[in-house]
Amino acid sequence: MTGLVGANGCGKSTLFMNLSGLLRPQQGAVLWQGEALNYSKRGLLALRQQVATVFQDPDQQIFYTDIDSDIAFSLRNLGVAEEEIARRVDEALTLVDAQGFRQQPIQCLSHGQKKRVAIAGRWCCRRATCCLTSPPRASIPGGGRR
109 MTGLVGANGC GKSTLFMNLS GLLRPQQGAV LWQGEALNYS KRGLLALRQQ
159 VATVFQDPDQ QIFYTDIDSD IAFSLRNLGV AEEEIARRVD EALTLVDAQG
209 FRQQPIQCLS HGQKKRVAIA GRWCCRRATC CLTSPPRASI PGGGRR
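Start counting the sequence shown at 109; every next residue gets the next number (the numbering used here).
Quick look at the structure:
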């Protein structure tokens, strides 16, 4: 995982939106593995198979009202077998210390708990790179040590 820390408004989210292909730079080019990003549908799909991004506001990345379904969303879209999905979701929830609130509706979670759900959802996809726009220790107890 790559964490980028900085003051509010300094451009962390904008940088990651450029790195993930959600924005195009006004000048210059974004390089990934030594090559300029290809903004075609195929090029962006290839990029997103390697890079996951967790933004500051987890509500921008949470689509379901229950935690397991939200974390499993990407895996189901990728055609991962249900048994493997269940294993990865459980593993991800343990990683971010979210087992204790797993059964709560997402709308009842705190911002930090929602952030953990967003991190778990990206982590279980096993991307080579995971970009976080706020430090994990702000969202995960003991996050600075994990």
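Glycine included, C-beta positions come from ideal geometry on N, C-alpha and C.
Around the CB of C216, fewer than 16 other CB atoms lie within 10 Å, so the residue is classed as exposed. Taking each of G114, E143, V162 in turn and checking the Cα distance to V225, the smallest one comes out for V162. Under a 10 Å Cβ-count criterion, G229 is classified as buried, with 16 or more other Cβ atoms of the shown protein chains found around its own Cβ. Separation of D165 and A137 (C-alpha to C-alpha, rounded to the nearest whole angstrom) is 26 Å. Per DSSP, L217 lies in no alpha helix (DSSP H) segment and is marked neither H nor E. Burial is judged here by how many other beta carbons sit within 10 angstroms of a residue's own beta carbon; A115 has fewer than 16 and is exposed. Residue state for T237 is assigned as strand, using DSSP reduced to three classes. As computed with DSSP, L139 is found in a beta bridge with A144. Residue pairing by DSSP places T122 opposite no residue, since no beta bridge is assigned to it.
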